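Trainee:
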Amino acid sequence: TRIPDVVAAKPDLVILAFGMNDSSGRSAEEYKSNTLAMIKAVREAQPQAEFILIATMLGNRDWVTLKHELFPQYRTALQELTEPGIALADMTSIWTEMLNRKQDWDLTGNGVNHPNDFGHRVYAQVLTTLLVPPNVETAAAPLPSEPFAVRLWPDKAPNGDDTLEVSEAKITVHLPKHPGGSAIVICPGGGYGGLVTGPEGHGIAKWLNSHGIAGIVLEYRLPAGRSFVPLLDAQRAIRIVRARATEWQINASQVGIMGFSAGGHLASTAATHFDADKPEAADPLDRPSSRPDFAVLVYPVVTMGEKTHGGSRTNLLGATPSKELMDQFSAEKQVTEKTPPMFLTHAIDDGPVPSINSKTLFDALQSARIPSKYLELPSGGHGLNGYQGPMWDAWQKQSLKWLAEQRLIRVIEDGN
12 TRIPDVVAAK PDLVILAFGM NDSSGRSAEE YKSNTLAMIK AVREAQPQAE
62 FILIATMLGN RDWVTLKHEL FPQYRTALQE LTEPGIALAD MTSIWTEMLN
112 RKQDWDLTGN GVNHPNDFGH RVYAQVLTTL LVPPNVETAA APLPSEPFAV
162 RLWPDKAPNG DDTLEVSEAK ITVHLPKHPG GSAIVICPGG GYGGLVTGPE
212 GHGIAKWLNS HGIAGIVLEY RLPAGRSFVP LLDAQRAIRI VRARATEWQI
262 NASQVGIMGF SAGGHLASTA ATHFDADKPE AADPLDRPSS RPDFAVLVYP
312 VVTMGEKTHG GSRTNLLGAT PSKELMDQFS AEKQVTEKTP PMFLTHAIDD
362 GPVPSINSKT LFDALQSARI PSKYLELPSG GHGLNGYQGP MWDAWQKQSL
412 KWLAEQRLIR VIEDGN
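One rule links them: number in the numbering used here = place in the sequence shown (from 1) + 11.
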């Protein structure tokens with residue numbers, strides 16, 4: 012792998028591209044372990060080095076020495092290694108899509124596993140999207156200047172129990188005039204009985220726009236005891252943003268989720284219940300991963316246990332939920348090594364939703380060594396003094412600062 016030569020160059024950025032030869036039989040677990048070892052070896056000498064991990068193109072489908080089922084497994088393994096400073100260039104999914112339209116000979120120089128000039132240009136375009144954030148000056152088309160709505164489920168929406176329904180659930184997309192490439196799906200609160208889309212939705216989107224961040228306001232379905240319905244909508248929203256990332260000048264590796272009160276519960280649930288990308292899915296909108304790259308939780312409901320907000324729990328889980336169901340929807344019990352980084356904030360005098368909700372989740376994140384920050388506010392109650400004043404300003408300033416320091420977002424001052 013010539014890692015000593017890489018270290019000797021004292022790089023700021025390292026691009027790792029392995030997988031084609033490994034696919035003759037190396038397991039995804041070994042592939043992941045080897046990649047992680049290379050990252051650690053470089054970072055021991057260059058702690059600030061960043062990485063782009065390339066999920067490889069596909070070899071010719073008639074090449075019998077390759078185990079083709081390993082390619083998507085390798086991609087998933089690399090996705091699991093992503094974190095602040097480690098990004099994924101997913102050539103596997105792109106090559107899969109191109110092979111629906113072209114033959115191997117159209118993309119390779121030898122018809123097997125070496126990209127031709129066209130294939131190399133595709134590689135270059137994918138890397139460029141990670142290295143050069145999109146902006147208005149270089150975009151092929153100007154971004155819409157006004158917010159616009161996108162229905163989540165143009166046909167029928169799933170209910171999580173093998174039934175479908177007609178749904179008006181939607182996202183309203185607020186795009187900044189000067190984009191930095193980051194996007195945040197916003198989940199308004201309302202106790203799972205309504206939606207506070209003004210100050211906890213469109214107002215937040217406008218604030219994000221002023222910093223070059225796309226604000227995506229999610230109007231999710233209210234559960235009425237159908238516990239999985241809001242989560243399905245949140246996952247769909249994240250996938251839609253990633254699927255249309257190029258069109259909306261968004262970096263698909265900088266898509267986060269933010270939530271307030273019960274919307275914070277939904278955001279925490281989406282950050283602990285997600286799936287990997289599914290490039291073979293029939294619906295193109297089902298192909299991207301639903302894992303948010305980060306989460307911001309503002310006075311969130313987190314637990315469904317003793318310290319929960321009773322109305323939110325009843326509306327989401329019903330009057331007498333089982334312990335298993337309560338645990339499943341208590342984010343502090345669902346944290347794993349794959350959970351994305353989180354910023355949490357809560358006022359200690361919050362009556363309806365005690366601050367222990369945020370503190371317990373923060374402790375779980377710290378135990379799992381997930382990058383996280385908890386901003387405990389001395390006052391403000393639930394809603395932080397009506398969405399204004401020093402406590403409101405504090406979490407906004409600190410959240411953007413921390414996310415930028417973690418390299419999870421790119422902030423553009425005066426993005427409007």
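Note that the Cβ used here is the ideal one computed from N, Cα and C, for glycine as well.
Model, not experiment: these values are computed from the prediction.
1. Could you name the residues of the same chain whose beta carbon sits closer than 6 Å to that of residue 69, not counting the 5 residues immediately before and after it, in chain order?
2. Distance check for residue 52 and residue 326, CA to CA, integer angstroms please.
3. Is the Cβ of residue 177 closer than 7 Å to any Cβ of chain B?
4. Which of the three DSSP states is assigned to residue 381 in this structure?
5. So residue 276 is in the alpha helix (DSSP H); what residue range does that whole segment cover?
6. So, residue 313 versus residue 356, is the Cβ gap smaller than 7 Å?
7. When burial is assigned at 16 or more other CB atoms within 10 Å of the CB, is residue 153 buried or exposed?
8. Taking 7 Å as the threshold (C-beta atoms), are residue 311 and residue 352 in contact?
9. Tell me the DSSP secondary structure of residue 302 in three-state form.
10. Could you give the residue range of the beta strand (DSSP E) that holds residue 159?
11. I'd like to confirm the pairing. Which residues does DSSP put opposite residue 408 in its beta bridges?
12. Below 7 Å between beta carbons: does that hold for residue 372 and residue 238?
13. Rounding to the nearest angstrom, what Cα-Cα distance links residue 303 and residue 65 in this structure?
14. For the region 268–282 against the region 199–208, do three or more pairs of beta-carbon atoms, one drawn from each stretch, fall closer than 8 Å, so that the two count as touching?
15. Could you please give me the residues that DSSP links to residue 169 through a beta bridge?
16. For residue 255 versus residue 244, is the C-beta spacing smaller than 7 Å?
17. Can you check which of these residues, 163, 341, 47, 180, is closest to residue 250 by C-alpha distance?
18. On the DSSP bridge assignment, give the partners of residue 80 in chain order.
19. Classify residue 131 as buried or exposed, calling it buried when 16 or more other Cβ atoms lie within 10 Å of its own Cβ.
20. Who does residue 183 pair with in a DSSP beta bridge?
21. Which residue marks the beginning of the beta strand (DSSP E) containing residue 99, and which one marks its end?
22. Only counting the same chain, and skipping five residues up and downstream in sequence, which positions put a Cβ closer than 6 Å to that of residue 384?
Mentor: Judging by the given coordinates:
1. For this step, residue 69 is matched to residue 58 along the sequence shown. Answer for residue 69: 82, 106, listed in chain order.
2. Numbered from 1 along the sequence shown, position 315 holds the residue referred to as residue 326. Numbered from 1 along the sequence shown, position 41 holds the residue referred to as residue 52. If I take the Cα positions, the gap works out to 50 Å.
3. Protein chains in the displayed structure number just one, and chain B is not present.
4. Mapped onto the sequence shown, residue 381 falls at position 370. It is coil, neither helix nor strand.
5. As a first step, residue 276 is located in the sequence shown; it is residue number 265 there, counting from the start. Where residue 276 is concerned, the enclosing alpha helix (DSSP H) stretches over 273–281.
6. Translated into positions along the sequence shown, residue 313 becomes position 302. Translated into positions along the sequence shown, residue 356 becomes position 345. Taking 7 Å as the Cβ cut-off, residue 313 and residue 356 do not qualify as a contacting pair.
7. To locate residue 153, count along the sequence shown from 1; it is residue 142. So residue 153 ends up on the exposed side.
8. Indexing the sequence shown from 1 puts residue 352 at position 341. Indexing the sequence shown from 1 puts residue 311 at position 300. Cβ distance not < 7 Å, so residue 352 and residue 311 don't count as in contact.
9. Taking the sequence shown and counting its residues from 1, the one referred to as residue 302 is at position 291. It is coil, neither helix nor strand.
10. If you number the sequence shown from 1, residue 159 lands on position 148. Run containing residue 159: 159–162, per the beta strand (DSSP E) assignment.
11. Locating residue 408 in the sequence shown gives position 397, where the first residue counts as 1. Per DSSP, none; premise fails for residue 408.
12. Taking the sequence shown and counting its residues from 1, the one referred to as residue 372 is at position 361. Taking the sequence shown and counting its residues from 1, the one referred to as residue 238 is at position 227. Cβ distance not < 7 Å, so residue 372 and residue 238 don't count as in contact.
13. The count along the sequence shown starts at 1 and reaches residue 303 at position 292. The count along the sequence shown starts at 1 and reaches residue 65 at position 54. Straight-line Cα distance between these residues: approximately 20 Å.
14. yes
15. Residue numbering aside, residue 169 sits at position 158 when the sequence shown is read from its first letter. According to DSSP, residue 169 bridges with 175.
16. Counted from its first residue, the sequence shown places residue 255 at position 244. Counted from its first residue, the sequence shown places residue 244 at position 233. No, Cβ-Cβ distance for residue 255 and residue 244 is not below 7 Å.
17. Here residue 250 is taken as the residue at index 239 of the sequence shown, counted from 1. Cα-wise, what sits closest to residue 250 is 163.
18. Position 69 of the sequence shown holds residue 80. Answer by DSSP bridge pairing: none, since residue 80 is not bridged.
19. Here residue 131 corresponds to residue number 120 of the sequence shown, with the count starting at 1. Counting Cβ neighbours within 10 Å, residue 131 comes out exposed, since fewer than 16 surround it.
20. Stepping through the sequence shown from its first residue, residue 183 is reached at position 172. Bridge partners of residue 183: 160, 228.
21. The residue you call residue 99 lines up with position 88 of the sequence shown. That run of the beta strand (DSSP E) goes 97–101.
22. Taking the first residue of the sequence shown as position 1, residue 384 is located at position 373. For residue 384, where only same-chain residues beyond five positions count, the Cβ hits under 6 Å are 354, 413.
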